[in-house]
Amino acid sequence: MAEVIVIGGGLAGLASAAALAGSGHSVRVLESRRFLGGRATSYEIGTGENAETIDNCQHVLLRCCVNLLDFYRRLGVEDQIHFYRDFIFIEPGGRRSVLRSGVLPAPAHFLESFLTLKFLSLSEKLAVMRGIRAIKAQYKTRPDLDRITMLHWLKEERQPPRAIERFWRQILVSAISEELDATAASHGFQVFRLGLLARRDSYQMGVPSVPLGELYAEEKWKKVGPVEFLLRSPVERIVIENGAVQFVIARGQELRADHYICALPFERVPEVAPGLELDVGDFEYSPITGIHLWFDRPVIDLPHATLLDRTIQWIFNKHEGRAVQLVVSASRSLLEMPRADVIALAIRELEEFLPAAHGAKLEKAHVVKEVRAVLSAKPGLESRRPLSRTKVRNLFLAGDWTRSGWPAIMEGAVRSGYLAAEAVAEAAGQPGQFLLPDIA
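Quick note on the working numbering: the sequence shown kicks off at 5 and runs consecutively.
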């Protein structure tokens with residue numbers, strides 16, 4: 005069995021480590037921070053009685069994210085993901101609508117509840133149904149979907165502006181973390197085909213019932229296989245000579261292995277591994293903002309809901325309705341806004357949706373602006389995303405920004421880790437298949 009060094013302890017690096025260690029390979033994971041999980045993690049804020057453990061942003065998954073669920077099973081934490089079958093939409097003023105699977109088989113399983121949605125008119129619903137039929141007809145058959153935006157396609161299919169804003173945008177911006185006019189139509193198609201149409205339960209949303217960091221805490225790895233974590237060990241250089249990695253330098257030490265997986269963010273790779281000559285000049289991030297609010301009384305009686313027509317897109321109940329997390333994907337408008345103004349905006353909007361928020365006293369608040377949240381899913385980028393194999397024979401790439409077959413979300417990160425692990429296993433003479441196929 006081979007010795008492998010994984011550089012980066014985000015989801016991609018952890019997935020590759022779990023797959024390889026589970027097959028008996030010896031793995032060391034080098035992580036620059038003191039905790040694992042990368043951008044999908046949790047940490048403590050405050051001190052003493054005021055201390056709170058928060059996720060940097062609420063991360064969710066759908067049942068169609070089969071590789072992410074497989075990764076959780078490897079760590080034995082799949083029972084710490086709670087799945088919900090109701091998608092609740094709230095309009096300003098508080099009116100609610102629920103989208104859930106009914107008795108009909110897929111892909112018609114939403115028909116009953118979809119027709120009862122209050123926030124779309126009948127003509128808008130009929131237009132959305134025409135759009136969904138077009139997705140089914142054009143999925144993996146239309147050749148230009150990676151070259152046009154999702155907004156371009158929606159207008160081409162004569163989707164009404166309010167249907168675009170209240171239905172298509174509400175679902176896709178949250179799923180892909182990019183605006184419709186900057187998202188390749190191919191990614192929008194994939195979300196709808198796999199997440200909403202493929203199976204009666206594929207849309208169900210999973211929310212971790214524990215802080216994200218607990219899902220991959222070091223003690224969870226004991227049953228996985230031979231994995232060693234070196235935290236606070238940033239890699240300064242991957243030394244490449246004669247077409248192979250000779251060693252990596254971390255904390256001034258030379259560390260050697262048979263094979264190496266670089267699972268760093270794309271902007272760090274050219275600096276750490278200049279010998280790769282990796283071109284990421286067209287890559288850019290889309291930001292996500294998480295707003296954590298603690299009130300003196302419950303303000304919401306739901307586990308979560310999506311909020312229409314305002315800046316805030318999602319609200320998650322974090323503790324008996326008194327602590328909530330609000331999420332804004334593709335949150336460029338908030339990046340330069342002062343913290344106090346972001347909090348004030350959030351409270352104003354909450355009061356429009358939740359009657360209980362009126363008069364509730366805000367006890368504390370925390371704002372997390374994740375500027376480098378996800379790779380922007382813009383058109384024309386898919387073919388530029390690198391594969392796991394590189395021109396260096398014992399160096400492989402992983403990361404949500406690599407070509408995993410998915411957008412740069414958690415499922416994409418895990419897929420990339422599994423693909424890198426498969427490439428390492430083959431190079432080590434022990435081929436194995438770790439990547440699970442999509443559900444459709």
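For glycine and all other residues, C-beta sits at the position ideal for the given N, C-alpha and C.
If you're wondering where the values come from, they're calculated on a predicted model, not measured in any experiment.
For glutamate 275, the enclosing alpha helix (DSSP H) covers residues 273-276. Secondary-structure assignment with DSSP links aspartate 59 through a beta bridge to Ser46. Nearest neighbour of leucine 216 by Cα position, chosen from Ser333, Asn60, Thr406, turns out to be Asn60. Between the C-alpha atoms of alanine 138 and phenylalanine 114 there is a straight-line separation of about 16 Å. In the DSSP assignment, glutamine 250 falls within the unbroken beta strand (DSSP E) covering 248-254. Distance from the Cα of arginine 301 is smallest, within the candidate group Leu34, Glu324, Ile347, Leu72, for Glu324.
Between the segment 344-353 and the segment 281-297 there are three or more inter-stretch CB-CB distances shorter than 8 Å, so the stretches are counted as touching. In this structure, Leu15 is the residue among Leu15, Leu234, Val371, Gly50 with its C-alpha nearest to the C-alpha of asparagine 71. For alanine 427, the CB contacts under 6 Å within the same chain, skipping 5 residues up- and downstream, are Ser392, Arg393, Phe400 in chain order. Counting only runs of 3+ residues, the beta strand (DSSP E) found wholly inside the segment 58-89 occupies 85-88, in chain order. Under the criterion of beta carbons closer than 8 Å, alanine 412 and leucine 366 do not qualify as touching, at roughly 33 Å.
Apart from the 5 residues on each side of it in sequence, proline 274 sits with its Cβ closer than 6 Å to the Cβ of Leu282 in its chain, given in chain order. For a cut-off of 8 Å, the C-beta gap from valine 332 to isoleucine 11 is around 31 Å, too long to register as a contact.
Assignment of beta-bridge partners to threonine 153 by DSSP yields Ala188. Taking each of Arg389, Glu430, Lys382 in turn and checking the Cα distance to alanine 189, the smallest one comes out for Lys382. Annotation: the continuous alpha helix (DSSP H) that includes serine 178 extends over 173-180. Residue pairing for tyrosine 422: DSSP places it in no beta bridge.
By the Cβ-count criterion, asparagine 54 is exposed, with fewer than 16 other Cβ atoms from all chains shown falling within 10 Å of its own Cβ.
Distance between leucine 34 and alanine 19, taken at the CA atoms: about 14 Å. If only uninterrupted beta strand (DSSP E) runs of at least 3 residues are considered, those enclosed by the segment 354-383 are 366-379. Counting other Cβ atoms within 10 Å of its Cβ, glutamate 183 reaches 16 or more and is therefore classed as buried. Under the 8 Å Cβ criterion, the segment 101-110 does not count as touching the segment 158-170, having fewer than three qualifying pairs. By the 16-neighbour rule on beta-carbons within 10 angstroms, threonine 145 is exposed. Lysine 227 sits exposed, since fewer than 16 C-beta atoms from the chains shown fall within 10 Å of its C-beta.
With fewer than three CB-CB distances shorter than 8 Å, the segment 249-262 does not count as touching the segment 299-315.
Note that the C-beta distance between glutamine 250 and arginine 89 is not below 9 Å.
In the DSSP assignment, methionine 133 falls within the alpha helix (DSSP H) that extends over 126-142. With respect to glutamine 84, glutamate 218 sits close: the two C-beta atoms are nearer than 9 Å. In the assembly as shown, arginine 397 is an exposed residue. Its beta-carbon has fewer than 16 other beta-carbons within 10 Å.
In the structure shown, asparagine 321 falls within a strand segment according to DSSP collapsed to helix, strand and coil.
Per DSSP, glutamate 116 lies in no beta strand (DSSP E) segment; the continuous alpha helix (DSSP H) that holds it begins and ends at 115-119. Around the C-beta of isoleucine 49, fewer than 16 other C-beta atoms lie within 10 Å, and the residue is accordingly described as exposed. C-alpha of glutamate 271 to C-alpha of leucine 108: approximately 46 Å in a straight line. Within the segment 187-227, the complete alpha helix (DSSP H) segments at least 4 residues long are 189-194, 216-219, listed from N- to C-terminus. At a cut-off of 3 residues, the continuous stretches assigned as beta strand (DSSP E) that sit fully inside the segment 262-349 are 263-266, 289-299, 308-311, 318-323, 327-333.
Straight across, the Cα-Cα distance linking leucine 423 with glycine 363 is about 52 Å.
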